[in-house]
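A short write-up of the structure that comes next.
Number of protein chains: 2
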Amino acid sequence: MSLLTIGTVAFDDIETPFGKAGRIIGGAATYISWSASYFTNDIKLVSVVGDDFPQSELDRLKSRGVDLEGLQIKKGEKSFFWAGKYHSNMNGRDTLDTQLNVLADFNPILPKSYKNVDYVMLGNLTPEVQMQVIDQLESKPKLIALDTMNFWMDVAMDSLLAVIKKIDVLIINDEEARQLSGEYSLVAAAEKIIGMGPRILVIKKGEHGALLFHGENIFYAPALPLREVYDPTGAGDTFAGGFMGYIAKTGDTSFEGMKKAIVAGSAMASFCVEKFGIQNLTDISEELIAERVASFEKLVRFDTVL
Amino acid sequence: MSLLTIGTVAFDDIETPFGKAGRIIGGAATYISWSASYFTNDIKLVSVVGDDFPQSELDRLKSRGVDLEGLQIKKGEKSFFWAGKYHSNMNGRDTLDTQLNVLADFNPILPKSYKNVDYVMLGNLTPEVQMQVIDQLESKPKLIALDTMNFWMDVAMDSLLAVIKKIDVLIINDEEARQLSGEYSLVAAAEKIIGMGPRILVIKKGEHGALLFHGENIFYAPALPLREVYDPTGAGDTFAGGFMGYIAKTGDTSFEGMKKAIVAGSAMASFCVEKFGIQNLTDISEELIAERVASFEKLVRFDTVL
């Protein structure tokens, strides 16, 4: 089934304790699309780049089943650029540079063929742009998911609250859930956030896994313990892409179906962090994904205790 | 089967954002014994108190199947006392006062009936005292587990390294595993620590669950998401008590058996933090424990993903 996604398609400079990578391909929608492409080949991308963005990268996305009709290419302009440096132990990062470029006045336009899709994944962007996408849809999708970040809570809380009223699934990390709700306990945070509109909440906890709040039900998927994390950039987007890609593949939005989607997203994120940028996401295969998912299953399975 | 445990039996002053409790019953061996008592009624306690320790509390332990022959009661002396204050959000604590009292020159003496036990849980104490217990055993137990803390790594690393060579299971938290190994990645830390002697490593991650490293196998049990944590004191000891109590009950030290013991320990720890001190541990029932374990199972179960 079809998956519409919006987010940045961009260049990144990344420095981690393991090395540096200059002007590599990044952006939330890039990670989301690559990750989802292992589950569905009907992905509709909405984004904007300058004419400095390599056509070869766009061709690679197209070959994965990503429709680029909704990707605006601005002549004479530059793509969004972000530079960041991770702290030792990867438990934080500093933004060294942000150049909005084409993103400064991004006006997302949905092609006709995008207006009746099954699933929507709104990647991290200004809440106003995320809302513009929802407003252009002609029929109600089966599920709309949205990712955001603390920055928008600081500078555009009203717009953010307006857009999350319109969605089904909010995907954020633990610190963002605490900031959005004003609650430290994630259980209390989830109750408040679900009162704000989304009926389902996914809280990403990085190396500590992810929580799914779905009605009265809670599911906790641990993260695969990894020997080293080389570059966490895009891990959250990759998780979201795998999660929504899996749902687009199965069409199952029940609690049981979403649990499996969480595991699929977690498996994809574990690949993402093993190499710089999107490198590992472009190199893997469905067989490797199946092996990784099996490792997850093995990691958490146990027999009845009492 | 029999479980020998050593650790403090003490008084605590505790302050958390939810309130204060003065001079309540605490100590690692108290939590371990109470927790284990829901799985086995053949517990042999080694510890020391002053004559200020209430007999009624000792009677309660005895009624749970805890043999107190190895508990020394020092006339005219005072029991160990600890006072601590938790930070907001419970993500750290400050020790306000420590009065060793009877612990200053504690010389553990194992009664004859303690020298041939099936299982041993060495609670957090000086590594020299933990070693003295091992040295007095006449036959090799089926499993020796040991808990320790960063303090002993700072001041008694050589003694600690000597005692962990003699044990089967090391139970520590994530920061302690990092300090002991010098590795940030818990996978790398586990490999190094297993090279130091114990063939099994349990890493407690608090609200993020627990990891079990057993040969080539890894198991990750999440923690039950709780609305509020009222008092984390003793949670690690309660986990260890439930873990070893469950193993003493089942006699199963295989990877599959230990996974279930981890879940049992996690369930017990989740009760511990819901009230101050040992209050909740003394109030629960086997039925409540079965319900809690079932909640754990529900929290992490999912169908085959691919």
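Residue numbers (this note's numbering), protein chains in the order written: chain X, 1 to 306; chain B, 307 to 612. Using N, Cα and C, we set each Cβ at its ideal position, and we do this for glycine too.
Comparing C-alpha distances from A327 (chain B) to each of B:V439, B:K511, B:L517 and B:Y536 shows the shortest one belongs to B:Y536.
In the three-state DSSP reduction, S35 (chain X) falls in the helix class (H, G or I).
In the DSSP assignment, G234 (chain X) falls outside any alpha helix (DSSP H) and carries neither an H nor an E. Rounded to the nearest angstrom, the gap between the Cα atoms of A483 (chain B) and E297 (chain X) is 25 Å.
Closest by C-alpha distance to I6 (chain X), out of X:S33, X:K259 and X:F151, is X:S33.
For chain B, the residues of the region 217 to 247 of chain X that bring a beta carbon within less than 7 Å of one of its beta carbons are I218, F219, Y220, P222, P225, L226, R227 and E228, in chain order. At least one beta carbon of chain B lies nearer than 8 Å to the beta carbon of E297 (chain X).
According to the DSSP assignment, K380 (chain B) belongs to the beta strand (DSSP E) that extends over V372 to K380. Here T98 (chain X) has W82 as same chain residues with Cβ atoms under 6 Å from its own Cβ, once five neighbours each way along the sequence are excluded.
Per DSSP, reduced to three states, the secondary structure at Y220 (chain X) is strand. Here the alpha carbon of L532 (chain B) sits roughly 17 Å from the alpha carbon of I194 (chain X). Taking 8 Å as the threshold, the shortest C-beta distance from F271 (chain X) to chain B does not fall below it.
Near chain X, meaning a CB-to-CB distance below 7 Å, the residues of the region 389 to 400 of chain B are N395. Within the region 251 to 263 of chain X, those residues whose Cβ lies closer than 7 Å to any Cβ of chain B are, in chain order, E256, K259, K260 and V263. For D400 (chain B), the pairing in a beta bridge is given by DSSP as B:K391. Here F151 (chain X) is exposed, its C-beta having fewer than 16 other C-beta atoms within 10 Å. The continuous beta strand (DSSP E) containing S353 (chain B) extends over residues I349 to G356.
Taking 7 Å as the upper bound on Cβ-Cβ separation, chain X lies near residues Y490, S491, L492, V493 and A494 of the region 479 to 494 of chain B.
The three-state secondary structure of N124 (chain X), taken from DSSP, is coil. Here DSSP, grouped into helix, strand and coil, assigns A190 (chain X) to helix. Exclusion of the five residues before and after T544 (chain B) leaves Y337, S341, M574, A575 and C578 as the residues of its chain whose Cβ lies within less than 6 Å of its Cβ.
For I200 (chain X), the enclosing beta strand (DSSP E) begins and ends at I200 to K204.
Of all residues in the region 12 to 43 of chain X, none comes within less than 9 Å of chain B when Cβ atoms are compared. K205 (chain X) belongs to the set of residues whose beta carbon lies under 8 Å from a beta carbon in chain B. For A327 (chain B), the enclosing beta strand (DSSP E) starts and ends at G325 to G332. In the DSSP secondary-structure assignment, T5 (chain X) is bridged to X:L45 and X:M121. Of B:K384, B:D357, B:D348 and B:G382, the smallest CA-CA separation from L367 (chain B) is found for B:D348. The DSSP-derived three-state label of D303 (chain X) is coil. When DSSP states are grouped into helix, strand and coil, F80 (chain X) belongs to the strand group.
Residues of chain X with a Cβ closer than 7 Å to the Cβ of L612 (chain B) are, in chain order, A290 and V293.
Counting along the chain, L211 (chain X) sits inside the beta strand (DSSP E) bounded by residues A210 to H214.
In chain order, D424, Y425 and T559 place their CB closer than 7 Å to the CB of K448 (chain B), counting only its own chain and leaving out the 5 sequence neighbours on each side.
Taking a C-beta distance under 8 Å as the contact criterion, L309 (chain B) and M550 (chain B) qualify as a contact pair. Cα atoms of F386 (chain B) and V355 (chain B): separation of roughly 7 Å, rounded to the nearest angstrom.
Put simply, the backbone Cα of K391 (chain B) is about 22 Å away from that of D453 (chain B). By the Cβ rule, the region 217 to 224 of chain X counts as touching the region 256 to 264 of chain X, because three or more pairs are nearer than 8 Å.
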